[in-house]
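All remarks here apply to the structure that follows.
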Amino acid sequence: MSELWVENIEYHQVNTTKTYYLDEEDVIETFGSVEEFQRLFDEGDEEAEQYVYDGDYERDDNWWTDDNGGYDVETSTSWEKE
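Here it is, written out as structure tokens:
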């Protein structure tokens, strides 16, 4: 017996928020002060950025086109038969 099924792919937009947790004492030991670290990071210093992005973080995804409704969501449909 063959089976007919439909696959519907929805294309959504998502906002991802990553919250990084840094040890203040380690930041001071590595960069001299929190202020210096912040200055370097804001200026795009590679070492400061790598320090942050190598650390632990919490991730929160907001699939706002799916969760909040009322948005046009592009879809693609394919029909399959096995």
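Just so you know, we're using our numbering here: the sequence shown kicks off at 22 and counts up by one. Just so it is clear, CB atoms sit at the ideal spot from N, CA and C, and this is done for glycine as well.
### Message
As a quick exercise: from GLU67, GLU24, ASN36, pick the residue whose alpha carbon is nearest that of ARG80.
### Response
ASN36
### Message
How far does the alpha helix (DSSP H) with TRP85 in it extend, from its first residue to its last?
### Response
Unbroken alpha helix (DSSP H) run through TRP85: 85 to 88.
### Message
Within the continuous beta strand (DSSP E) that includes GLU28, where are the two ends?
### Response
25 to 32
### Task
Identify whether GLU79 lies in helix, strand or coil by the three-state DSSP scheme.
strand
### Cross-strand partners of SER97 (DSSP beta bridge)
ILE30
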